[in-house]
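Engineer: Numbering (my numbering), first residue to last: 2 to 308. Let me give you the structure first, and then I'll get to my questions.
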Ligand SMILES: [Zn+2]
């Protein structure tokens with residue numbers, strides 16, 4: 002009898018432990034499942050959520066959220082999520098259908114809420130198809146702070162017990178973003194104003210341009226989707242000469258002969274790869290939002306200075 006009752010007590014204790022674990026983050030190993038639509042937003046959620054949340058990012062590093070095709074596994078992740086973080090401003094044209102199809106009861110958190118959207122001058126001329134609003138709001142660090150505040154509030158709503166953790170993580174990260182913003186301003190400030198002009202194939206830097214006083218030209222005919230042709234390159238060369246631009250970032254020119262021709266005929270070397278809509282894989286130069294901004298600014302300022 003004694004053995005039996007002791008066993009009963011033990012199993013009751015085990016059941017309590019199991020219940021505690023099933024209830025969520027109060028248990029040691031349970032985390033709050035959440036979804037973020039793309040890698041940059043996923044990074045914000047990971048930083049603010051810390052060890053309490055497990056983030057599934059639908060469009061991963063180097064992915065293109067403009068033209069994404071969700072998988073059945075994505076629908077399952079959305080169904081199980083306690084919150085789904087989206088950019089909004091028409092960036093994820095596929096999200097509404099995915100959320101509906103998943104039957105999720107998760108709240109949808111729009112990370113750009115409170116940001117006044119820029120209007121894209123050329124809404125669909127460069128492989129973009131997201132209407133008149135420019136969705137690339139994260140490219141200004143001040144806007145990234147709005148994303149982080151919305152992420153924090155979304156996590157607190159989804160998991161109120163974690164509020165102190167989310168608030169502390171967000172506060173520390175917001176301070177880091179303040180330092181990053183000052184760093185960007187100082188770096189751009191060292192480039193003479195007349196030199197602050199960049200030619201790019203992806204019209205994704207409108208918020209960066211407005212925040213930091215850099216002009217971006219995104220010429221017609223050089224899209225983000227197709228490899229540039231010799232004819233595109235000839236047009237590009239004329240534009241570079243006419244506008245006397247030193248900073249040229251055209252990711253669709255992967256043919257070294259075309260890049261050589263631009264260098265030969267304009268004296269301008271292609272500036273390398275700047276990141277607009279996605280982070281790099283973890284081994285790359287833009288594995289986090291902060292790394293991405295630093296990497297972009299380093300390449301942009303070097304190119305604008307003609308070095
Ligand atoms: Zn884009």
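Heads up, the beta-carbon is just placed ideally off N, CA and C, and yes, glycines get one too.
1) My guess is that residue 37 and residue 56 are in contact by the Cβ rule of under 8 angstroms, so how many angstroms apart are they, rounded?
2) Residues with a Cβ closer than 5 angstroms to any heavy atom of ligand 1, in chain order?
3) Counting C-beta neighbours from all protein chains within 10 Å, is the total for residue 93 16 or more, i.e. buried, or is it exposed?
4) Starting from residue 165 and walking both ways along the beta strand (DSSP E), at which residues does that stretch end?
5) Taking only the alpha-carbon atoms, compute the straight-line gap between residue 231 and residue 281 and give it to the nearest angstrom.
6) Per the contact definition of three or more C-beta pairs closer than 8 angstroms, is the segment 196-204 in contact with the segment 237-254?
7) State the DSSP-derived secondary structure class of residue 22, mapped to helix, strand or coil.
8) Nearest-angstrom Cα distance between residue 77 and residue 236?
9) Would you list the residues sitting across from residue 217 in a DSSP beta bridge?
10) Am I right that residue 146 and residue 178 are in contact with their C-beta atoms under 8 angstroms? What's the rounded C-beta distance?
11) Who are the near neighbours of residue 24 in its chain, counting only those whose CB is closer than 6 angstroms to its CB and skipping five residues on each side?
12) Indicate whether the contact test is met: 3 or more Cβ pairs, each with one atom in the segment 36-50 and one in the segment 166-182, closer than 8 angstroms.
13) With C-beta atoms as the reference, is residue 298 less than 8 angstroms away from residue 153?
14) Between which two residues does the beta strand (DSSP E) carrying residue 36 extend?
15) At the level of alpha carbons, what is the spacing between residue 300 and residue 104?
16) Rounded to a whole number of angstroms, what is the C-alpha to C-alpha distance between residue 120 and residue 217?
17) For the beta strand (DSSP E) containing residue 109, list its first residue and its last residue.
18) Among the residues of its own chain, which have a CB less than 6 angstroms from the CB of residue 191, if the five just before and after it don't count?
19) Quick one: using the 10 Å Cβ neighbour count with 16 as the cut-off for buried, is residue 283 buried or exposed?
20) Excluding the five sequence neighbours on either side, which residues of its own chain have a C-beta within less than 6 angstroms of the C-beta of residue 228, listed in chain order?
21) Taking the beta strand (DSSP E) that residue 133 belongs to, which residues open and close that run?
22) Taking just the CA atoms, how far does residue 303 sit from residue 276?
23) If I'm right that residue 83 touches residue 35 with Cβ under 8 angstroms, what's the distance once you round it to whole angstroms?
24) Closest to residue 87 by CA distance: which of 40, 81 and 141 is it?
25) I'd like to confirm the pairing. Which residues does DSSP put opposite residue 250 in its beta bridges?
26) Which ranges would you report for the alpha helix (DSSP H) in the segment 38-110 if only whole runs of at least 4 residues count?
27) Tell me which residue opens and which closes the alpha helix (DSSP H) that residue 155 is part of.
28) Give me the Cβ distance between residue 269 and residue 291, rounded to the nearest whole Å; I'm assuming they're in contact under 8 angstroms.
29) Between which two residues does the alpha helix (DSSP H) containing residue 266 stretch?
30) Indicate whether residue 182 and residue 150 have their beta-carbon atoms separated by less than 8 angstroms.
31) Span of the alpha helix (DSSP H) holding residue 279?
32) From the DSSP output, read off the bridge partner residues of residue 120.
Structural biologist: Reading from the atomic positions:
1) Position 36 of the chain shown holds residue 37. Position 55 of the chain shown holds residue 56. At roughly 6 angstroms, the Cβ-Cβ gap stays under 8 angstroms, so residue 37 and residue 56 are in contact.
2) 205 and 278
3) Here the question's residue 93 lines up with position 92 in the chain shown. Its Cβ being crowded by 16 or more others within 10 Å, residue 93 is buried.
4) The sequence position of residue 165 within the chain shown is 164, counting from 1. From DSSP, residue 165 is part of no beta strand (DSSP E) but of the alpha helix (DSSP H) over 164-190.
5) The count along the chain shown starts at 1 and reaches residue 231 at position 230. The count along the chain shown starts at 1 and reaches residue 281 at position 280. Spanning the two alpha carbons is a distance of roughly 28 angstroms.
6) yes
7) Locating residue 22 in the chain shown gives position 21, counting from the first residue. Note on residue 22: pLDDT 41, under 50, position unreliable in the model; the coordinate value appears next. Here residue 22 sits in helix by DSSP.
8) Indexing the chain shown from 1 puts residue 77 at position 76. Indexing the chain shown from 1 puts residue 236 at position 235. Answer to the nearest angstrom: the Cα atoms are 47 angstroms apart.
9) Within the chain shown, the letter at position 216 stands for residue 217. Its beta-bridge partners are 199.
10) For the purposes of this step, residue 146 is taken as the residue at position 145 of the chain shown. For the purposes of this step, residue 178 is taken as the residue at position 177 of the chain shown. Yes, they are in contact, since the Cβ atoms of residue 146 and residue 178 sit about 5 angstroms apart, within 8 angstroms.
11) Within the chain shown, numbered from 1, the residue matching residue 24 stands at position 23. For residue 24, the pLDDT reaches just 44, beneath the cut-off of 50, and the residue's location in the model is therefore unreliable, leaving the point undetermined.
12) yes
13) Residue mapping note: residue 298 aligns to position 297 of the chain shown, counting from 1. Residue mapping note: residue 153 aligns to position 152 of the chain shown, counting from 1. No.
14) Looking up residue 36 in the chain shown gives position 35. Taken as a continuous stretch (DSSP letters only), the beta strand (DSSP E) holding residue 36 covers 33-39.
15) Residue mapping note: residue 300 aligns to position 299 of the chain shown, counting from 1. Residue mapping note: residue 104 aligns to position 103 of the chain shown, counting from 1. Residue 300 and residue 104: Cα-Cα distance of roughly 44 angstroms.
16) Here residue 120 corresponds to residue number 119 of the chain shown, with the count starting at 1. Here residue 217 corresponds to residue number 216 of the chain shown, with the count starting at 1. About 15 angstroms.
17) Within the chain shown, numbered from 1, the residue matching residue 109 stands at position 108. 108-111 is the span of the beta strand (DSSP E), which, as asked, contains residue 109.
18) Here residue 191 is taken as the residue at index 190 of the chain shown, counted from 1. The answer is none, since no qualifying residue turns up.
19) Taking the chain shown and counting its residues from 1, the one referred to as residue 283 is at position 282. Flag for residue 283 reads exposed.
20) The residue given as residue 228 occupies position 227 in the chain shown. Same-chain partners within the cutoff: 253.
21) Translated into positions along the chain shown, residue 133 becomes position 132. Per DSSP, residue 133 belongs to no beta strand (DSSP E) and is neither H nor E.
22) Numbered from its first residue, the chain shown carries residue 276 at position 275. Numbered from its first residue, the chain shown carries residue 303 at position 302. Spanning the two alpha carbons is a distance of roughly 15 angstroms.
23) Here residue 83 refers to the residue found at position 82 when the chain shown is read from its first residue. Here residue 35 refers to the residue found at position 34 when the chain shown is read from its first residue. Contact flag correct, Cβ pair sits at about 6 angstroms.
24) Taking the first residue of the chain shown as position 1, residue 87 is located at position 86. Of 40, 81 and 141, the residue nearest in Cα terms is 40.
25) Here residue 250 refers to the residue found at position 249 when the chain shown is read from its first residue. Answer by DSSP bridge pairing, in chain order: 201.
26) 40-50, 73-81 and 96-103
27) As a working note, residue 155 is residue 154 in the chain shown. Counting along the chain, the alpha helix (DSSP H) containing residue 155 begins and ends at 142-159.
28) On the chain shown, residue 269 is found 268 positions in, with the first residue counted as 1. On the chain shown, residue 291 is found 290 positions in, with the first residue counted as 1. That pair is no contact at about 29 angstroms.
29) As a first step, residue 266 must be located in the chain shown, where it is residue number 265. Unbroken alpha helix (DSSP H) run through residue 266: 257-267.
30) Against the chain shown, residue 182 aligns to sequence position 181. Against the chain shown, residue 150 aligns to sequence position 149. No; because the gap between Cβ atoms is not below 8 angstroms, this pair is not in contact.
31) To locate residue 279, count along the chain shown from 1; it is residue 278. Counting along the chain, residue 279 falls outside any alpha helix (DSSP H), and DSSP gives it neither H nor E.
32) Within the chain shown, numbered from 1, the residue matching residue 120 stands at position 119. According to DSSP, which records beta bridges pairwise, residue 120 is partnered with 134.
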